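Participant: Protein chains in written order, with this note's numbering: chain A, 1 to 454; chain B, 1 to 583. Note that the Cβ used here is the ideal one computed from N, Cα and C, for glycine as well. Remember, predicted model here, so these are calculated numbers, not experimental data. There's a structure below that I have some questions on.
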């Protein structure tokens, strides 16, 4: 008998449990009362350095000229079947990102070119750690920014079935130190149905007791994993059918988005989720004329996000898109000038995307332009919007968490320049009483250290 | 030609295990239901309780984690950290090596650092029996047989699949355990996504001639081998780097990931602005060093163009002089004059990188993190870095460095800062349970094993970015790798060979006088872990085996199939226990 059938059977025979617990699970445990937060923040990390200039190329004016001379082979055309899709008089969308165009037109997609980290760093691994730890320039912390967001949010109930979710084979560093995140790749495989059949139940009971018998970090992690198993086995039913005819792209990104949508619709109190799409380190053969490698991967991203949005669109309690805010970011952008291998080297300023039912669509930020004098080191797009401003605005207005000093230590009131990307009640941010350059070492972050290994 | 082979250089998603990446895996998935057993609701409804990931009684990240396990005996520490866990008999053999823990550890380490002196006939026999046919082929042979002739996909990837299976076989059966651990370490240090169109066909050569040939030897030699290896030249694009069109991909990771390390990255400032040490050597590198390094390596490419006699098509390293940048260069404070002899710019660069003090700290730090814990004592790292740097020309440089770390007192006094990664979890269970596994290509059980193992998040040679699998606990103690690791090792206890013998067969390995739940638990805990479990965990194993009966009365193990199944489930429980997973 297949696992799918097993799940159907399980769902049936645990109806009693569900009947008893359903309301507690799905309503009381999560609703959070008047101060509660009902929004879901999804962070999609594009690993490898996404070429934002190919996603959002200039289509007119002097910048178009600079763009074409910097990118004679890679440029996205402005006419013909693969023309960039004009979003305004200045920028167009890569033709393969067309699935995002409706979202933009409907005002649900914001793009922020020339955004990124405050310090230039061309190392993938440093730059990724800076973002995921929430401490640009410093990688000594042991907790991820999402861990600290969830740990500092005071508007959440004490019990949530599934507050945070990392979809993928491993959990990203933005959840480092989290003891409540559910990490899984494929719910159909996420079970412990192996070993001698007759003894599985007793074995499972004993396994839990083994991990409950002590309080080390590994015992805690084991209990967390067993809880995750119980939650998935109890709540996830048969084959998932996306709503509204949504079709996810083939491949692990589409599979992971499907899993995400499936778990969102269980209404288990999800607050934050992460999902990765790799493959952006395009040192060669990016493709040209709006076709080729970059087109295929940006197409996968765009069709995946559009499918998610379509799948989650609904009315009333099923209107998940009204509660969804998606942040799409990469560790850095790529050089403006193409290299000799029809690719691009590691760069700096990049385009971030924010997507959701409460997003004010549009193109935001101060675009420094591509004039050679405006480029950093003559090769890179400047960063005029600190990515933390974008995220902070979402944390305040959508997640309702003002404790920015815990999430982005060292990020100051002066640094924070909200762009009006999202709707929501204004919460007064707390950037900390006093600002020191190294406050994340001596101040706020020290409360978050885990001491294993000392 | 280009598109397909370049895809992997870009941090693609992990080698897909959900989506099933090739026909053989897809077939497995289709017939997967067979392996999952019958419906489980009966068992599940007893075990599953409504619960919450967030709840007040769960320790939060703020909480200091004060409970750490006591370090086990040296035999367990050594076989677990420097091997893939003890096999029955390993602990006794270790303990026979001397009168004190230090004496035993030293003797054992000296053996392990001289792998040729260790009889490995058991593993050799299993390698022969597995029937691998590509592992001994030369690079041109592999290139021709598995690439040039445009073979079917199964033939193309055969060298990868055989290397993957041989790696597991050796981890489980080889007595040269430290050597195998170091092979895995260096494969991750010089990480390449190898499940790939161009790289998979020659992967057996990379494993044999670059990694295994140098795993305990000289770092500079391995570094040079990697720099000239077709898989790395493809993976990080140096193959196409030329004077007119230098490509920085490899040069940057060569400095950041293979040698000097990102801790010595000074960013985008001028080379001249980097502070120097007392020898005048810059303390680190800047972006201009990356650019200069890329220029040093221009023209380092591959013989992969049948239509061009200047290149040929043997699949081997090729220095193509017309592509080399002959202008003067400055890299890491060293001035390289114009028009140096063929290859000399690149060799000078590699010499400078290998000898740089920051390289010693970086490599020693990674070794110490692998062996000791996520935050190894700085004095160990410094001592090992000093040895590494001083021995930069020694043929046993890596062995010397390892010796410094292992014989430092902290090796025996630290424990429990790491959890086994899926590779160690799987292979140590197979060792502890004395699994009988053949690992042959096409063997159903091995295909299923690989499919299940890969779901745990560490498919071999399949990490997309060039930094290798993470080696810190946060990456491995989340719910997905833990659950999927448990799942595969528990599965091991219920697999039968074609003759219907269990591949892990605790019944036949249990002495006839061991029959009570207490005795069975004690015997099997000791046999698998090489040490007792903490009291409450021991009691839980006993309680599972006793199932409510008097734990001191004999169970009908010889006559009751149900009791025999319970014994196998108990072994699975020991595999999944925290005590088994500590490092």
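Could you give the residue range of the beta strand (DSSP E) that holds residue 447 of chain B?
Facilitator: Position 447 of the second chain, counted from the start, is the residue given in the question as residue 447 of chain B. Where residue 447 of chain B is concerned, there is no enclosing beta strand (DSSP E), although the alpha helix (DSSP H) it sits in stretches over 444-455.
Participant: If we require 4 or more residues per run, which alpha helix (DSSP H) segments fall completely within the region 376-412 of chain A?
Facilitator: Along the region 376-412 of chain A, the alpha helix (DSSP H) occurs as fully enclosed runs of 4 or more residues at 387-397, 404-407, listed in sequence order.
Participant: By Cβ distance below 8 Å, which residues in the same chain neighbour residue 182 of chain B in space, the five residues on each side in sequence not counted?
Facilitator: Reading the second chain from its first residue, position 182 is the one you call residue 182 of chain B. The answer, listed in chain order, is 215, 216, 398, 402.
Participant: Please go through the same chain and pick out, in chain order, the residues whose beta-carbon is closer than 8 Å to the beta-carbon of residue 45 of chain B, but skip the five residues on each side of it.
Facilitator: Taking the first residue of the second chain as 1, we reach residue 45 of chain B at position 45. Per-residue confidence for residue 45 of chain B stands at a pLDDT of 44, beneath the threshold of 50, marking its modelled position as unreliable; the derived number appears in the next sentence. Nothing meets the Cβ criterion.
Participant: For residue 151 of chain B and residue 158 of chain B, I'd like the C-alpha separation in whole angstroms.
Facilitator: Mapped onto the second chain, residue 151 of chain B falls at position 151. Mapped onto the second chain, residue 158 of chain B falls at position 158. Approximately 10 Å between the Cα atoms of the pair.
Participant: Hey, is residue 161 of chain A's beta-carbon within less than 8 Å of any beta-carbon in chain B?
Facilitator: Locating residue 161 of chain A in the first chain gives position 161, counting from the first residue. Residue 161 of chain A counts as touching chain B.
Participant: Report yes if the CB atom of residue 455 of chain B is closer than 8 Å to the CB atom of residue 189 of chain A, and no otherwise.
Facilitator: What you label residue 455 of chain B is simply residue 455 of the second chain in a count that begins at 1. What you label residue 189 of chain A is simply residue 189 of the first chain in a count that begins at 1. Cβ atoms of residue 455 of chain B and residue 189 of chain A: closer than 8 Å.
Participant: Would you kindly work out how many angstroms separate the C-alpha atoms of residue 321 of chain B and residue 210 of chain B, rounded to a whole number?
Facilitator: The residue labelled residue 321 of chain B in the question sits at position 321 within the second chain. The residue labelled residue 210 of chain B in the question sits at position 210 within the second chain. Cα to Cα, the separation comes out at about 24 Å.
Participant: List, in order along the chain, the chain B residues whose C-beta lies closer than 7 Å to that of residue 199 of chain A?
Facilitator: Here residue 199 of chain A refers to the residue found at position 199 of the first chain. The answer, in chain order, is 565, 566, 569.
Participant: Kindly indicate which residue of B:104, B:230, B:92, B:89 has the alpha-carbon position closest to the one of residue 147 of chain B.
Facilitator: Position 147 of the second chain, counting from 1, holds the residue named residue 147 of chain B. Measuring from the Cα of residue 147 of chain B, the nearest candidate turns out to be B:230.
Participant: For residue 346 of chain B, which residues from the same chain have a beta carbon less than 8 Å from its beta carbon, with the 5 sequence-adjacent residues on both sides left out?
Facilitator: Position 346 of the second chain, counted from the first residue, corresponds to residue 346 of chain B. Only 227, 296, 297, 300 meet the Cβ criterion.
Participant: Which full runs of the beta strand (DSSP E) of 3+ residues lie inside the region 295-350 of chain A, going along the chain?
Facilitator: 324-330
Participant: In the DSSP assignment, what residue or residues form a beta bridge with residue 545 of chain B?
Facilitator: For the purposes of this step, residue 545 of chain B is taken as the residue at position 545 of the second chain. Partner(s): none; residue 545 of chain B has no beta bridge.
Participant: Using the beta-carbon of each residue, which ones in chain A are nearer than 9 Å to residue 93 of chain B?
Facilitator: For the purposes of this step, residue 93 of chain B is identified with residue 93 of the second chain, where counting begins at 1. Proximity of chain A to residue 93 of chain B at the Cβ level (cut-off 9 Å) is not reached, the minimal Cβ distance being about 28 Å.
Participant: Against chain C, with Cβ distances strictly below 8 Å, would residue 430 of chain B count as a contact?
Facilitator: The chain labelled as chain C is not found among the protein chains of the depicted structure, namely A and B.
Participant: When the cut-off is 8 Å and only beta carbons count, does residue 573 of chain B lie next to chain A?
Facilitator: Within the second chain, the letter at position 573 stands for residue 573 of chain B. Interface flag for residue 573 of chain B against chain A is set, since a Cβ pair is found closer than 8 Å.
Participant: Flag residue 218 of chain A as yes if its beta-carbon sits less than 8 Å from any beta-carbon of chain B, otherwise no.
Facilitator: Here residue 218 of chain A is taken as the residue at index 218 of the first chain, counted from 1. Using beta-carbon distances, residue 218 of chain A counts as an interface residue toward chain B, with a partner under 8 Å.
Participant: Extract the residue ranges of the alpha helix (DSSP H) inside the region 496-532 of chain B, only unbroken runs of 4 or more that lie entirely within it.
Facilitator: 506-509, 517-529
Participant: Please classify residue 432 of chain A as buried or exposed, where buried requires at least 16 neighbouring CB atoms within 10 angstroms.
Facilitator: As a first step, residue 432 of chain A must be located in the first chain, where it is residue number 432. That one is buried.
Participant: Taking the continuous beta strand (DSSP E) assigned at residue 43 of chain A, which residues delimit it?
Facilitator: Residue mapping note: residue 43 of chain A aligns to position 43 of the first chain, counting from 1. Start and end: 40-46.
Participant: Can a CB atom of chain B be found closer than 8 Å to the CB of residue 229 of chain A?
Facilitator: The count along the first chain starts at 1 and reaches residue 229 of chain A at position 229. It does; some Cβ of chain B falls within 8 Å.
Participant: Taking only the alpha-carbon atoms, compute the straight-line gap between residue 2 of chain B and residue 291 of chain A and give it to the nearest angstrom.
Facilitator: Your numbering for residue 2 of chain B matches position 2 in the second chain. Your numbering for residue 291 of chain A matches position 291 in the first chain. In this prediction, residue 2 of chain B scores a pLDDT of 32, lower than 50, which makes its location untrustworthy; no coordinate-derived value is stated.
Participant: Under a three-way DSSP split, which group does residue 221 of chain A fall into?
Facilitator: Counting from 1 along the first chain, the entry for residue 221 of chain A is found at position 221. DSSP places residue 221 of chain A in helix when its eight states are reduced to three.
Participant: Applying the 10 Å Cβ sphere with the 16-neighbour rule, what's the burial state of residue 239 of chain A?
Facilitator: On the first chain, position 239 is the one that residue 239 of chain A refers to. Classification for residue 239 of chain A: exposed.
Participant: At what residues does the beta strand (DSSP E) containing residue 329 of chain B begin and finish?
Facilitator: The residue you call residue 329 of chain B lines up with position 329 of the second chain. Unbroken beta strand (DSSP E) run through residue 329 of chain B: 329-331.
Participant: Kindly say whether residue 393 of chain A, judged by its beta-carbon, lies nearer than 8 Å to any beta-carbon of chain B.
Facilitator: Locating residue 393 of chain A in the first chain gives position 393, counting from the first residue. Residue 393 of chain A does not count as touching chain B.
Participant: Rounding to the nearest angstrom, what Cα-Cα distance links residue 364 of chain A and residue 391 of chain A in this structure?
Facilitator: Locating residue 364 of chain A in the first chain gives position 364, where the first residue counts as 1. Locating residue 391 of chain A in the first chain gives position 391, where the first residue counts as 1. Roughly 14 Å separates the two Cα atoms.
Participant: Any idea what DSSP makes of residue 439 of chain B, helix, strand or coil?
Facilitator: For the purposes of this step, residue 439 of chain B is taken as residue 439 along the second chain, with counting starting at 1. Of the three classes helix, strand and coil, the one that applies to residue 439 of chain B here is coil, per DSSP.
Participant: Show which residues of chain B have a CB atom less than 7 Å away from the CB atom of residue 221 of chain A.
Facilitator: As a working mapping, residue 221 of chain A is identified with position 221 in the first chain. Those within 7 Å of residue 221 of chain A in chain B are 477, 482.
Participant: With a Cβ-Cβ cutoff of 8 Å, do residue 173 of chain A and residue 129 of chain A count as a contact?
Facilitator: As a working note, residue 173 of chain A is residue 173 in the first chain. As a working note, residue 129 of chain A is residue 129 in the first chain. Yes.
Participant: Which chain A residues are close to residue 585 of chain B, counting only those with a beta carbon under 9 Å from its beta carbon?
Facilitator: Outside the shown range of chain B (1 to 583) lies residue 585 of chain B, about which nothing can therefore be said.
Participant: Which residues in the same chain have their Cβ closer than 6 Å to the Cβ of residue 389 of chain A, if we skip the five residues on either side of it in sequence?
Facilitator: For the purposes of this step, residue 389 of chain A is taken as the residue at position 389 of the first chain. Cβ neighbours of residue 389 of chain A beyond the five flanking positions: 416, 417.
Participant: With burial defined as no fewer than 16 other Cβ atoms inside 10 Å of the residue's Cβ, what is the status of residue 160 of chain A: buried or exposed?
Facilitator: Against the first chain, residue 160 of chain A aligns to sequence position 160. In this structure residue 160 of chain A is buried. Its beta-carbon is surrounded by 16 or more other beta-carbon atoms within 10 angstroms.
Participant: So, under 8 Å CB-CB, residue 459 of chain A and residue 163 of chain A are touching, yes? Tell me the CB distance rounded to an integer number of Å.
Facilitator: With chain A represented from 1 up to 454, any question about residue 459 of chain A goes unanswered, as that position is not in the structure.
Participant: If you follow the beta strand (DSSP E) that residue 181 of chain A is in, where does it begin and where does it stop?
Facilitator: Here residue 181 of chain A refers to the residue found at position 181 of the first chain. Here the beta strand (DSSP E) through residue 181 of chain A covers 181-184.
Participant: By a C-beta neighbour count over all protein chains shown, 10 Å radius and 16 as the cutoff for buried, is residue 170 of chain B buried or exposed?
Facilitator: Translated into the one-based positions of the second chain, residue 170 of chain B becomes position 170. Result: buried.
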